[in-house]
Every structure is written in C-alpha cells, then in structure tokens.
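Peer 1:
Protein chains: 2
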Amino acid sequence: MKLSEGVEWGVHCGVLLATLPAGSTLSGAALAEFHGVSESYLVKHLQALVRAGILESVPGPKGGFRLARPPEQVTVLEVIEAIEDPEPAFRCTEIRQRGPAALEPSAYRLPCVVHATMLRADAAWRAALRAQTLADIAATVADRADPRGMQQAQPWLEDNVRR
Amino acid sequence: MKLSEGVEWGVHCGVLLATLPAGSTLSGAALAEFHGVSESYLVKHLQALVRAGILESVPGPKGGFRLARPPEQVTVLEVIEAIEDPEPAFRCTEIRQRGPAALEPSAYRLPCVVHATMLRADAAWRAALRAQTLADIAATVADRADPRGMQQAQPWLEDNVRR
DNA sequence: GGAGTGATACTCGGATATCTGGTGTCCGAGTTTTCGCGG
DNA sequence: CCGCGAAAACTCGGACACCAGATATCCGAGTATCACTCC
Chain A
4 MKLSEGVEWG VHCGVLLATL PAGSTLSGAA LAEFHGVSES YLVKHLQALV
54 RAGILESVPG PKGGFRLARP PEQVTVLEVI EAIEDPEPAF RCTEIRQRGP
104 AALEPSAYRL PCVVHATMLR ADAAWRAALR AQTLADIAAT VADRADPRGM
154 QQAQPWLEDN VRR
Chain B
4 MKLSEGVEWG VHCGVLLATL PAGSTLSGAA LAEFHGVSES YLVKHLQALV
54 RAGILESVPG PKGGFRLARP PEQVTVLEVI EAIEDPEPAF RCTEIRQRGP
104 AALEPSAYRL PCVVHATMLR ADAAWRAALR AQTLADIAAT VADRADPRGM
154 QQAQPWLEDN VRR
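Here the protein sequences line up with chains A and B, keeping their order.
Add 3 to the 1-based position in the first sequence for my numbering, that's all there is to it.
Add 3 to the 1-based position in the second sequence for my numbering, that's all there is to it.
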C-alpha cells in the first residue's frame, strides 16, 4: 500500500498558496518550477483539486491556480481525497460468505468483523488528517522552518505571483 | 491508495486458525477452499506470515499452517505488515528542498511539516490496528455472527483440521 | 486622446503512451507417511 | 507379531507470466491581454 506521489505535490502546492496573500494566483508552470516537478503531471492533479472545489483555475494569460476558500477551511484530508481514491483503502470482498461455512445471504446482515476493524483504523487515519488544515501547516512551517527559505524565494514569488 | 487483497485473506485465515483449538493445523488447500480463493496465491501470502513469525508451516503429508503464537499475542497490524509493505504509505521525497527556495541541505534538519502530518495519521492508523488481536476478532465473531455458520462448517473442519 | 476590435499568446483541460507493482500460476525441493518385507 | 526400510505422495517454497493502476506526456479548446485602428 502506498500513496500516490501526487498527494505530496498537491498538499505542498496548497500550503504554498496558503502562505501567499489571499487571492494570489500561480500558474501551473510556476508551481511545478517551485517544487521541481513535472509540469504536465502536476497540472493533472491540480485539475482534480479544482473539480473538488479546493482550487480555482483562471484561464488565459495571467491565469493560474488559487485557493477557492480560506486555507483555514481546507483540511489535508480534503486534498488527499481529491487526488486519491476517496473510498477506504480496505475493500471487503465478503469472503466469509464463501466456502463450506456459507449460509444464505440474509444471514450476513451484520457487518464483517474484519471489515469493521479495518474501517475503524481508516476512520482514525482520516480523523487525524481532517484535524489539520492548510493554514495549520503553513503556520507551522512559518514558525519552525528556516526563514531564509521564504526570504530567498521572495524575488521569485514577486515575479510569478499574480492576483 | 488501496490495500492488497492478500491482507483480507491473511487476516481471515488468522482468525479462522484462532477459533480452532490451539495447535490446530490446516493445509493451504483447505484454507483456500474454506475462503473460496485461489490456493497458489493464498499460499504465497501465508509464506510471508511464516517469515514474519506469525504462522508455522508443517511440511509433508498431514502438514499445513498453524499459529506460531497464542492468538491473543498476534495483532492485526502484525498480519498486515507481514503481507504489505511495512513502511508508511506516504513517502516524502523532500520536494521542499528543490526549486528556487532551496537552501543548503543542512538547513533541513527539522522534518518536513507535511511529512510529519502524514506520519501522525499513519501512526493513528497503526495504533488502531495494533489494539486488535486475532483473539479479539475471533471472540467478536463467535459472539455476534450467526452460530449456524460454524455449526455448518463443523463436519468440514473435522475432515480437514490436523494437529 | 479614447474606445472598440481583432489577432495573439498564454493558460487550462482532457485524451493518449509507458512502466512499475500487484495478481495469478506453475513446477521443483523436502519431509512425513505408509506399505511391504524380513526377522 | 513387531521393527525396519525404501518408495511414494503430499506438502511448502520460490521462480515465472499477466494485468491494472499510477506515471509521464502531448496537443487542442478557451480566454484575457495587447496592439492597432478608427472616431
């Protein structure tokens, strides 16, 4: 089990946009350059975020992507579910209903215990991710990370940020 | 992101073995028949459980697989980590160190905040699965499931269980 | 000088190849059983 | 009747094809911009 690499890219893009003034827009090419990743492939994931209502896309020259909501209202879980498959990682194929111990289907009204256990763990995972917003991460980065990073990025941002 | 189907098979096999008297052995073919899955592929996963010290394999005729420890001492997480990749689902590629804002590597002593967030969620997931043992699940099944299931499986078990 | 207008250039968006990892299967090595034989 | 031994059959174990989803890329549709022209 492994998460798509696009998740990492999407979250980092969200965090970067969250650190900028509200309404700031960056083109897909700029976002790709800032993170050092493939532009075409990154845009594919950003489109998924637009479909999910997390980002807004602005067409035409001076266009790009920006947050559709204040970063305090965007959870990390939303970003992940927009890029990855939103359904639980564990898929119960109801193997308990097969084999020599099988009964009629109506005997399996109660959920599979194994399934329920996996679902509980999945819920805990999602709860932890729902508790963190893009604003939280941006604030922590601003607090803990080396301030020279953003300082060094300043001229590049002034060249690329649009609003 | 999706879990391997072998996880479901492995956990169900562990639970079935946990419901039997201690030391009971079932052949790979029997376990496959009971759950209605491919024998060859199931055995592949059972071998991983043997390598992890969860199951013991007995060679030769009258051989098979049995639990290597009391089911109270086998957590669901162990079974999953034996079959799936035991490392966290999220892989941080340190994209924060790339692009125009990049500093020298020594500036990134503190962990990536996005990475830390994902790791916390992963830890919550694992904690939930570590809290459940095969004995817990077996007990819940015995308590909640339709008793006719095991009743109907009884003759088949007597034909296939070895010790 | 200002407004309108058309061409333009840049953007997003989805349809299209490639590749790694999960899925499924097969045959070989090893061991216990079991049947036959001898004592 | 009992012990021994060799063949056999059944088991696990790892090596070999196949397929789906993620990865990576390209070209086309759409729009705000900008320059030019006309009033």
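By construction, the Cβ of each residue, glycine as well, lies at the ideal position given by its N, Cα and C atoms.
Could you tell me whether the Cβ atoms of L80 of chain B and F68 of chain B are closer together than 7 Å?
Peer 2: When the beta-carbon positions are compared, L80 of chain B and F68 of chain B stay at least 7 Å from each other.
Peer 1: Considering Cα atoms alone, identify which of A:G9, A:V10 and A:V14 is closest to T136 of chain A.
Peer 2: A:V14
Peer 1: Counting only Cβ-Cβ distances shorter than 8 Å, please list the residues of the segment 43–65 of chain B near chain A, keeping chain order.
Peer 2: none
Peer 1: Any beta carbon from chain B within less than 7 Å of V82 of chain A's own beta carbon?
Peer 2: At a cut-off of 7 Å between C-beta atoms, V82 of chain A does not count as an interface residue with respect to chain B.
Peer 1: Report the start-end ranges of each beta strand (DSSP E) in the segment 89–148 of chain A that is 3 residues or longer and not cut off at the edges.
Peer 2: none
Peer 1: Within the chosen definition, does the segment 100–109 of chain A reach the segment 96–111 of chain B through at least 3 CB pairs nearer than 8 Å?
Peer 2: no
Peer 1: Could you check the C-alpha separation between G152 of chain B and D139 of chain B for me, to the nearest Å?
Peer 2: 18 Å
Peer 1: Closest by CA to P171 of chain A, which one among A:P150, A:A141, A:A148 and A:Q155?
Peer 2: Coverage of chain A is limited to positions 4 through 166, which leaves residue 171 of chain A absent and any answer about it impossible.
Peer 1: In whole angstroms, what is the alpha-carbon distance linking V82 of chain B and L49 of chain A?
Peer 2: 36 Å
Peer 1: Have a look at K5 of chain A and S60 of chain A and give me their C-alpha separation to the nearest angstrom.
Peer 2: 29 Å
Peer 1: Against chain A, does I86 of chain B count as a neighbour if the rule is that its beta carbon must be under 7 Å from one of theirs?
Peer 2: no
Peer 1: Taking the alpha helix (DSSP H) that L58 of chain A falls in, what are its first and last residues?
Peer 2: First-last for L58 of chain A: L58 to V61, but that is the beta strand (DSSP E), not the alpha helix (DSSP H).
Peer 1: Would T78 of chain A pass as an interface residue toward chain B - the criterion being a Cβ-Cβ separation below 7 Å?
Peer 2: no
Peer 1: Any Cβ of chain B within less than 7 Å of the Cβ of Q157 of chain A?
Peer 2: Interface criterion not met: the Cβ of Q157 of chain A is under 7 Å from no Cβ in chain B.
Peer 1: Which residues in the same chain have their Cβ closer than 6 Å to the Cβ of H118 of chain A, if we skip the five residues on either side of it in sequence?
Peer 2: C95
Peer 1: Would you mind sorting L113 of chain B into buried or exposed? The rule is 16 or more other CB atoms within 10 Å of its CB.
Peer 2: Classification of L113 of chain B: exposed, given that the 10 Å Cβ count is below 16.
Peer 1: By DSSP's criteria, G67 of chain B is part of a beta bridge. Which residues make up the other side?
Peer 2: The partner list for G67 of chain B (beta bridge, DSSP) reads B:V61.
Peer 1: Pull up the CB-CB distance for W12 of chain A and L52 of chain A, whole angstroms please, since I reckon it's below 8 Å.
Peer 2: Not confirmed; about 10 Å, so no contact.
Peer 1: With distance defined between alpha-carbon atoms, name the residue in B:A124, B:R129, B:A134 and B:R133 nearest to A131 of chain A.
Peer 2: Checking every option, the nearest Cα to that of A131 of chain A belongs to B:A124.
Peer 1: Note the first and the last residue of the continuous alpha helix (DSSP H) segment covering S41 of chain A.
Peer 2: No alpha helix (DSSP H) holds S41 of chain A; DSSP gives it neither H nor E.
Peer 1: Residues of the segment 11–38 of chain A with a CB closer than 8 Å to any CB of chain B: list them in chain order, please.
Peer 2: E11, W12, V14, H15, V18, E36, F37 and H38
Peer 1: Can you grab the Cα-Cα spacing for the pair V164 of chain B / G31 of chain B, in whole Å?
Peer 2: Roughly 11 Å between the two C-alpha positions.
Peer 1: Helix, strand or coil: how does DSSP classify L6 of chain B here?
Peer 2: coil
Peer 1: Run the CB neighbour count on P108 of chain B, radius 10 Å, all protein chains shown included, and call it buried at 16 or more, exposed below.
Peer 2: Under a 10 Å Cβ-count criterion, P108 of chain B is classified as exposed, with fewer than 16 other Cβ atoms of the shown protein chains found around its own Cβ.
Peer 1: Below 8 Å CB to CB, which residues in the same chain sit around V40 of chain A once its five sequence neighbours on both sides are set aside?
Peer 2: W12
Peer 1: What distance in whole Å lies between the Cβ atoms of L19 of chain A and L70 of chain A, which are believed to be in contact at a cut-off of 8 Å?
Peer 2: In fact, because the Cβ distance is near 10 Å, the residues do not count as touching under 8 Å.
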